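Q:
Chains as they are written, first to last, in our numbering: chain A, 5 to 421; chain B, 85 to 426.
1) Taking a cut of 9 Å between CB atoms, which residues from the region 222-255 of chain A lie near chain E?
2) Output yes or no for whether 7 Å exceeds the beta carbon distance between residue 165 of chain B and residue 414 of chain B.
3) Is the beta carbon of residue 58 of chain A sitting closer than 7 Å to the one on residue 345 of chain A?
4) Of the residues A/397, A/235, A/365, A/361, which one's Cα is nearest the Cα of residue 127 of chain A?
5) Against residue 270 of chain B, what residues of chain A qualify as contacts under a CB-to-CB distance less than 7 Å, listed in chain order?
6) As an exercise, report each continuous alpha helix (DSSP H) stretch of at least 4 residues that is fully enclosed by the region 103-175 of chain A, in chain order.
7) Pop quiz: residue 49 of chain A and residue 335 of chain A are said to be a contact at Cβ under 8 Å. What is the actual Cβ separation, rounded to whole angstroms?
8) Output, in chain order, the set of chain A residues within a Cβ distance shorter than 7 Å of residue 290 of chain B.
9) If you draw a straight line from the alpha carbon of residue 407 of chain A to that of residue 393 of chain B, how long is it in whole angstroms?
10) Count the other C-beta atoms from every protein chain shown that fall within 10 angstroms of the C-beta of residue 400 of chain A, then say buried if there are 16 or more, exposed otherwise.
11) On a Cα-Cα basis, can you pick out the residue from A/88, A/260, A/137, A/272 that is closest to residue 172 of chain A?
12) Counting contacts by CB-CB distance shorter than 7 Å, is residue 380 of chain B in contact with chain A?
13) For residue 309 of chain B and residue 322 of chain B, what's the separation of their Cα atoms in angstroms?
14) Under 9 Å Cβ-Cβ, which residues of chain B neighbour residue 274 of chain A?
15) Can you list, in chain order, the residues of its chain with a C-beta nearer than 7 Å to that of residue 302 of chain A? Leave out the 5 residues immediately preceding and following it.
16) Determine, using beta carbons only, whether residue 416 of chain A comes closer than 7 Å to chain B.
17) Count the other C-beta atoms from every protein chain shown that fall within 10 angstroms of the C-beta of residue 287 of chain A, then say buried if there are 16 or more, exposed otherwise.
18) Out of curiosity, what's the CA-to-CA distance linking residue 264 of chain B and residue 276 of chain B?
19) Who are the neighbours of residue 420 of chain A on chain B, taking C-beta pairs under 7 Å?
20) With respect to the alpha helix (DSSP H) encompassing residue 348 of chain A, which residues constitute its N-terminal and C-terminal limits?
21) For residue 352 of chain B, count the other beta carbons within 10 Å of its own beta carbon; 16 or more makes it buried, fewer makes it exposed. Which is it?
22) What are the residues in the region 88-109 of chain A lying within 8 Å of chain B by C-beta distance?
23) Could you give the uninterrupted runs of the alpha helix (DSSP H) lying entirely in the region 223-261 of chain A, keeping only those of 4 residues or more?
24) Taking Cβ positions only, does residue 7 of chain A come closer than 7 Å to chain B?
25) With a threshold of 16 other CB atoms inside 10 Å of the CB of residue 113 of chain A, please say whether the residue is buried or exposed.
26) From which residue to which residue does the alpha helix (DSSP H) around residue 50 of chain A run?
27) Going by other Cβ atoms of all chains shown within 10 Å of its Cβ, with 16 needed for buried, is residue 318 of chain B buried or exposed?
28) Look up residue 242 of chain B in the DSSP assignment and say whether it is helix, strand or coil.
29) Indicate whether residue 420 of chain A and residue 207 of chain B have their beta-carbon atoms separated by less than 7 Å.
30) Identify whether residue 92 of chain A lies in helix, strand or coil by the three-state DSSP scheme.
31) At a cut of 8 Å, does the region 359-375 of chain B reach the region 178-189 of chain B through at least three beta carbon pairs?
32) With distances taken from CA atoms, which of A/54, A/96, A/73, A/62 is nearest residue 43 of chain A?
33) Can you pull the chain A neighbours of residue 191 of chain B, defined as C-beta to C-beta under 8 Å?
34) Would DSSP call residue 392 of chain B helix, strand or coil?
35) Considering only DSSP beta bridges, list what residue 202 of chain A is partnered with.
36) Who pairs with residue 272 of chain A in a beta bridge, going by DSSP?
This is the structure we're talking about:
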């Protein structure tokens, strides 16, 4: 992967220089520091922003973009942010660009307390499925400015984990009326014209691979890193389903997925956990259905651009340390995500909340969203059960394949079919 | 739109004024539609054949700002796109190079027809088919609306009021105008409820949404005005006595429209067509949202490639798309010489 000549960074240096020049006057010589925070909207909550301002005096400037744009920003405009909220699979594209700096583990107070999901790929002593770009494969760098990953633990972390979760299918139990237990149901002709997947190639193809395996058509060595033949096979299965009219629509962002499900256009589709919560809070029954083949997981974390220095760098570390110290973790756990340092989050949650979200126990009282609306009535149980049950059943992680170019071409072919 | 306003409405009495105003409007409209050629070309001959230096510099300087703007924001990006389309790329970097890779990969499998059409041809066919349907519908609707405004509304005030009414939807964003169709057309939407209540159908109709129908509907809603305006502009110039003469000569209403109004409204029809075709060929948002992301379009392919950092591949697609659209426009302007007929 050695590239000669002008890299993308070189080509865009002029543009970035102009951007930096424009941004410079906005930085105050003294007084409050503000950090430009690029990421998907997943972690960018108003509540966190207000609390950070209150506790640290740091202003967060949220810049929400789509998953694909996080990568594009990190690779092409490294001067346009101070903190990057990236997913681990994106690192396979971002780290070789050299735009992120390895984070000094010594400056992260709770680095040793980070959950074993990241450090060892284990939960409750059980090994987690590691197909795809599992976070522990891309957690460390050999040096602060390295462009490759370290095979074992070092002092330099690529990202400090923030949130992670296990994804599965969302269903409308009222419209389906029978138990759903396998990924194979996504392409069951019974749901013709009422199914949907994401039109984000790298994630959509993983869901398709779960279906292909569930129907017994093929067993992948690694769903997150298919061979060309495997990509062909997976796309063939998807194409046949598309031609037969299986899919109502494909969705590309959070709100689209909520609308499809809430309006009854689809009854079974790939979905993200908070989208299911949103549908439910609209009064529409929706279940985040655990399936016997397991979950497709993802994990996100904070990375720092290598251009960061001085007060901003200190502020960024201060913010990250604060993020792990419990308040934010509790905030995220209450949304259905999981936080990186569980012990501090637990200290910031009510025992009944911890039991419901993390232990999979029936809710002792009504579970409320951060804004105070009731999300779950007393007695409800979380879909999929406890943290250990859910994370323990992960089959694969969001990934970037070696044959990514080929896969994207095949995906375009599938959309045109 | 603006060029239609200063011109007096050609009533039979004010005919002198109308014929006088026409040549000015030609120049004005010509300058608007072809900004590259109009103001930029004249300085060159002046420079070549001008001994007195002072006079030679003045027009050049006057044209310089526009030159600069066009160079920076039109010529340079276009050249850059062309150059990048020949580059190579990896997951995370662009490699300056002269390679045919992007074009070769784009047309991979297009030589043989045994496995059906290749992706690129299928995508272009799908885009062209949508474009054709939208074009035909907007042209028909736009012509009808403009005709009604021009020849059936008697008072100028009323005509202007109705014309402004046509532009009212443009006060909201076009994304909102597009998305607001979704709750109407959905499986449990208003239209399906109405159809079921009237017992016209026994089950909800799926083809209303996330189909070619909904895509065309949204496009027609968004772009009909782009046809109405230039056609209206052309029609307002038609001397009403021509219609009277046609009637006197025994032409039926349809014959008058076909042999008198349509030929005289041609420049407007062509300008409107260019707007619609250019907008539809490059679109990916409307086709994505209304087609449920299931319908292929060239714009969508480019967008996917851009989001996976395959800029050279996207640039190659853009170059091919640009060439195709330019050919379409060239053919249309060959059929009707806009500048002469205006």
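C-beta atoms are modelled at their ideal positions from N, C-alpha and C, and glycine is treated no differently.
Only a predicted model underlies this, so the values are computations on that prediction, with no experimental measurement involved.
A: Well, looking at it:
1) The structure shown contains no chain E; the protein chains it does contain are A and B.
2) no
3) no
4) A/397
5) 267, 269
6) 120-123
7) 7 Å
8) 197
9) 14 Å
10) buried
11) A/272
12) yes
13) 20 Å
14) The premise fails here: residue 274 of chain A is roughly 13 Å from chain B at the closest Cβ pair, so nothing lies under 9 Å.
15) 91, 168, 169, 171, 401, 402
16) yes
17) exposed
18) 15 Å
19) 203, 206, 207, 210, 380
20) 346-351
21) buried
22) 96, 97, 98, 100, 101
23) 232-247
24) Below a pLDDT of 50, predicted positions are generally treated as unreliable, and residue 7 of chain A, at 45, falls in that range; no measurement from the model is reported.
25) exposed
26) 50-60
27) buried
28) helix
29) yes
30) helix
31) no
32) A/73
33) Neighbours of residue 191 of chain B on chain A: none; closest Cβ ~12 Å, over 8 Å.
34) coil
35) A/255
36) A/175, A/199
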